[in-house]
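Line order of the protein sequences matches chains R and C. The first sequence lines up with residues 3 to 117 when you count with the working numbering. The second sequence lines up with residues 33 to 143 when you count with the working numbering. Accompanying notes for the structure given below.
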Amino acid sequence: GAGVSQSPSNKVTEKGKDVELRCDPISGHTALYWYRQSLGQGLEFLIYFQGNSAPDKSGLPSDRFSAERTGGSVSTLTIQRTQQEDSAVYLCASSFYRERFNEQFFGPGTRLTVL
Amino acid sequence: LAKTTQPISMDSYEGQEVNITCSHNNIATNDYITWYQQFPSQGPRFIIQGYKTKVTNEVASLFIPADRKSSTLSLPRVSLSDTAVYYCLVGDMDSSYKLIFGSGTRLLVRP
C-alpha cells in the first residue's frame with residue numbers, strides 16, 4: 003500500500019518568506035509526527051498529533067512554526083518568515099495507534115533550503 | 033528533559049555481530065525503547081522495540097537491563113547493507129506527548 007508522502011520534496015525559498023510543508027499519512031493512521039533533521043544531525047522532535055489534536059506544541063522551535071491536521075489525515079507544517087537556520091530536512095511519520103511509542107512509518111522528507 | 037547518549041560511530045566487518053548501546057538514565061516508568069535505522073536521504077525505519085529484558089525479531093535483538101537506564105541493539109552477522117545510522121528513541125519525561133531521538137550511531141560495515 004501507499005506509504006507516507008510529503009510534498010514538496012525540495013523547497014528553496016528566500017529568507018523572510020513563508021513556506022508550507024505537507025504530509026499525507028498512511029490511510030487509517032491515527033497518530034502523526036513531525037521532525038526536523040539538520041545536515042548530518044539527528045532527529046529533532048517537533049510535534050505529535052493524536053487525530054487532529056496536538057496536546058503539546060512546545061517542541062516547535064519558535065512561534066514562527068505552526069502545524070495543523072485536518073480530518074484526521076493530512077497535516078501541514080507552516081514556517082513563517084523563514085530564517086537560514088530553518089534549513090533542514092523536515093520528516094513526517096505516522097503510526098496506527100494513538101500511543102506515541104508505536105512503530106512510526108516515515109515519509110521521504112522535505113528538504114528546505116533558505117537562502 | 034530526557035537525554036540519550038550513543039556512540040557517534042562504529043566500524044565492523046561483514047559477518048560480525050554488532051552491539052550498539054544507548055544510555056537513557058531518565059527514562060520514565062512507562063516508556064518503551066525503540067530503535068530505528070536510517071539510510072542516507074531516507075526517513076528512519078523501525079527495527080525493534082522493547083520494555084525490559086530481551087526482545088528478538090528477524091533482524092535484531094534488544095537487550096534492556098533491569099534498571100532500564102540503557103539498552104543494547106544487537107545486529108547478528110552484519111552485511112554491507114547494514115551500513116546506516118542507528119537511533120534509539122525514548123519519551124520525554126517532561127511531556128507525555130514528546131519523544132527524544134538519540135544522536136545516532138553511524139555504523140560502517142566493511143567487506
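Built from N, CA and C at the ideal position, the CB exists for glycine as well. All of these numbers come straight from a predicted model, not from anything done at the bench.
* Asked: Beta-carbon of Pro10(R) versus every beta-carbon of chain C: anything under 8 Å?
  -> Taking the first sequence and counting its residues from 1, one reaches residue 10(R) at position 8. Pro10(R) does not count as touching chain C.
* With distances taken Cα to Cα, identify the nearest neighbour of Ser7(R) among Thr115(R), Lys59(R), Pro110(R) and Val116(R). => Mapped onto the first sequence, residue 7(R) falls at position 5. Checked all of Thr115(R), Lys59(R), Pro110(R) and Val116(R); the closest Cα to Ser7(R) is Pro110(R).
* What in chain R is Cβ-close to Lys101(C), meaning under 7 Å? -> Here residue 101(C) is taken as the residue at index 69 of the second sequence, counted from 1. Result: empty, since nearest Cβ-Cβ is about 17 Å, beyond 7 Å.
* **Contacts around Ile52(C), its chain only, beta-carbon distance under 6 Å, and the 5 residues preceding and following it disregarded** => Stepping through the second sequence from its first residue, residue 52(C) is reached at position 20. For Ile52(C), where only same-chain residues beyond five positions count, the Cβ hits under 6 Å are Leu105, Tyr118 and Thr137.
* Asked: What residues in the region 42 to 53 of chain R bring their beta carbon closer than 9 Å to a beta carbon of chain C?
  -> Gln43, Gly44, Leu45, Glu46, Phe47, Ile49, Tyr50 and Gln52
* Asked: Quick one: is the Cβ of Phe98(R) within less than 7 Å of any heavy atom of the ligand HEM?
  -> As far as ligands go, the structure on display features none, and thus does not contain the ligand HEM.
* Asked: What residue from Tyr35(R), Pro63(R) and Gln43(R) has the CA that sits closest to Gly53(R)'s CA?
  -> Walking along the first sequence from the start, residue 53(R) turns up at place 51. Check the Cα spacing between Gly53(R) and each of Tyr35(R), Pro63(R) and Gln43(R): the tightest is with Tyr35(R).
* Tell me, please, whether the CB atom of Ser127(C) is closer than 8 Å to any CB atom in chain R? => For this step, residue 127(C) is matched to residue 95 along the second sequence. It does; some Cβ of chain R falls within 8 Å.
* Asked: What distance in whole Å lies between the Cβ atoms of Ile79(C) and Val91(C), which are believed to be in contact at a cut-off of 8 Å?
  -> Walking along the second sequence from the start, residue 91(C) turns up at place 59. Walking along the second sequence from the start, residue 79(C) turns up at place 47. Rounded, the Cβ-Cβ distance is 6 Å, consistent with contact.
* Cβ shell of Lys17(R) (< 7 Å), same chain only, five flanking positions each side left out -> Within the first sequence, the letter at position 15 stands for residue 17(R). So the list reads Thr84, Gln85, Gln86, Val116 and Leu117, once near-sequence residues are dropped.
* **Short-range partners of chain B found in the region 20 to 39 of chain R, where Cβ spacing is below 8 Å** => In the structure shown, chain B does not exist; the protein chains are R and C.
* Cβ of Phe71(C) within 8 Å of any chain R Cβ -> Mapped onto the second sequence, residue 71(C) falls at position 39. So no, Phe71(C) is outside the interface.
* **Asp99(C), buried or exposed, once every other Cβ within 10 Å from all chains shown has been counted against 16** => Translated into positions along the second sequence, residue 99(C) becomes position 67. Classified as exposed, Asp99(C) has fewer than 16 neighbouring CB atoms from the shown chains inside 10 Å of its CB.
* For Asn87(R), decide whether its Cβ has a neighbour in chain C, counting only Cβ atoms nearer than 8 Å. => Taking the first residue of the first sequence as 1, we reach residue 87(R) at position 85. For the record, residue 87(R) in the displayed sequence is Glu; it is not Asn. No, no contact with chain C.
* **Straight-line gap, Gly44(R) to Ala90(R) (C-alpha atoms, nearest Å)** => Residue numbering aside, residue 44(R) sits at position 42 when the first sequence is read from its first letter. Residue numbering aside, residue 90(R) sits at position 88 when the first sequence is read from its first letter. Approximately 11 Å between the Cα atoms of the pair.
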